[in-house]
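Here is the structure we will look at.
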Amino acid sequence: SRSTTFLNGGDFIQKLQYYCIQLDLLLPKTYFATFKIHDLYTMISHSALLEALDIFLVNPLVNGRHQKLSSDAIQELTAIVLRNNIFSYNGKIYRFIKGGPLNLPLIELLCHIYMYHWQYSLVTHICLKDAFYGRYKDTGFLTWNSPIDQLQTLFNKLEQELDSNLQMTTFISSDVHFLHAAIENRKG
């Protein structure tokens with residue numbers, strides 16, 4: 317299976333070039349689309365993160381690979397960390413009631429797990445259409461060769477599946493910007 321994660325802009329360009337040149341799948345009618353989930357790390361509810369973690373832990377590819385702790389123990393320990401994530405600011409103590417600090421690796425991991433679960437229907441749909449897809453943290457890029465209204469319908473469905481605290485922006489065109497790169501389809 318192909319990775320749907322971009323490590324950085326260079327990794328994105330390398331994978332896109334492979335799709336366009338080696339696989340020769342860029343067509344004159346190909347559109348590019350991007351999406352961004354706004355404030356993912358700071359606005360997502362803890363319940364959405366824990367639900368995604370639960371789904372992840374029962375996955376047959378993951379289940380049993382954490383030999384020392386049960387899935388329930390991992391869930392409970394994660395919930396304890398999320399509930400007790402406090403910080404001080406101007407002499408006052410605050411607690412994160414959703415999301416978490418960007419410098420806490422657990423938050424990044426939980427958000428990756430959430431996004432992996434959320435993007436599943438999109439990735440499945442795209443793989444069936446020989447399209448290119450990848451995501452860097454809370455932003456994604458894909459190619460599309462079908463009518464744009466079908467993609468917009470898919471994006472609308474995905475936006476409804478997001479945690480209620482999150483918002484998504486999408487952009488579909490023959491030229492887009494993604495990870496500091498300008499991408500344009502000049503007749504395939």
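Residues 317 to 504 (the working numbering) are what the sequence shown spells out, left to right. Ideal placement from N, C-alpha and C gives every residue a C-beta, glycine not left out. Everything numeric in this text was worked out from a predicted model, so none of it was measured.
Using the Cα positions of residue i and residue j, report the straight-line distance between them to the nearest angstrom.
| i | j | result |
| --- | --- | --- |
| Ile-413 | Ile-464 | 38 Å |
| Ile-396 | Gln-476 | 28 Å |
| His-354 | Arg-451 | 14 Å |
| Ile-362 | Ile-337 | Checking the sequence, you will find His at residue 362 rather than Ile. Their backbone Cα atoms lie some 42 Å apart in a straight line. |
| Asp-549 | Gln-391 | Residue 549 lies beyond the residue range present for the chain, which begins at 317 and ends at 504; the question has no answer from this structure. |
| Leu-438 | Leu-474 | 8 Å |
| Tyr-334 | Pro-417 | 36 Å |
| Leu-343 | Leu-323 | 26 Å |
Give me, in chain order, the residues of the same chain whose beta-carbon lies closer than 6 Å to that of residue i; leave out the 5 immediate sequence neighbours on both sides.
| i | result |
| --- | --- |
| Asp-514 | In this structure the chain extends from 317 to 504, so residue 514 is not present and cannot be described. |
| Phe-494 | Thr-350, Phe-457 |
Given residue i, which residues of its chain have a CB within under 8 Å of its CB, disregarding the five upstream and five downstream residues?
| i | result |
| --- | --- |
| Ile-409 | Ile-402, Phe-403 |
| Leu-478 | Ile-353, Trp-434, Met-484 |
| Asn-400 | Arg-411 |
Can you check DSSP and say which residues form a bridge with residue i?
| i | result |
| --- | --- |
| Gln-483 | His-354 |
| Glu-500 | Asp-491 |
| Thr-321 | Arg-451 |
| Ile-402 | Arg-411 |
Along the chain, where does the beta strand (DSSP E) containing residue i start, and where does it finish?
| i | result |
| --- | --- |
| Phe-457 | 455-460 |
| Phe-471 | Segment 464-477 is the alpha helix (DSSP H) holding Phe-471; no beta strand (DSSP E) there. |
How close, in whole Å, do the beta carbons of residue i and residue j come, if the pair is a contact with beta carbons under 8 Å?
| i | j | result |
| --- | --- | --- |
| Thr-455 | Lys-352 | 5 Å |
Quick one: give me the first and last residue of the alpha helix (DSSP H) that residue i is part of.
| i | result |
| --- | --- |
| Leu-385 | Run containing Leu-385: none; DSSP gives neither H nor E here. |
| Ile-423 | 421-434 |
| Ser-363 | 362-373 |
Excluding the 5 residues preceding and the 5 following residue i in the sequence, name in chain order all residues of the same chain whose CB lies nearer than 7 Å to its CB.
| i | result |
| --- | --- |
| Ala-447 | Leu-458, Thr-459, Trp-460, Asn-461 |
| Ile-360 | Lys-414, Gly-415, Cys-427, Tyr-430, Asp-479, Asn-481, Leu-482 |
Using 7 Å as the cut-off, classify the Cβ of residue i as near or not near the heavy atoms of the ligand MN, replying yes or no.
| i | result |
| --- | --- |
| Pro-417 | Because no ligand of any kind appears in the structure shown, any question about the ligand MN cannot be addressed here. |
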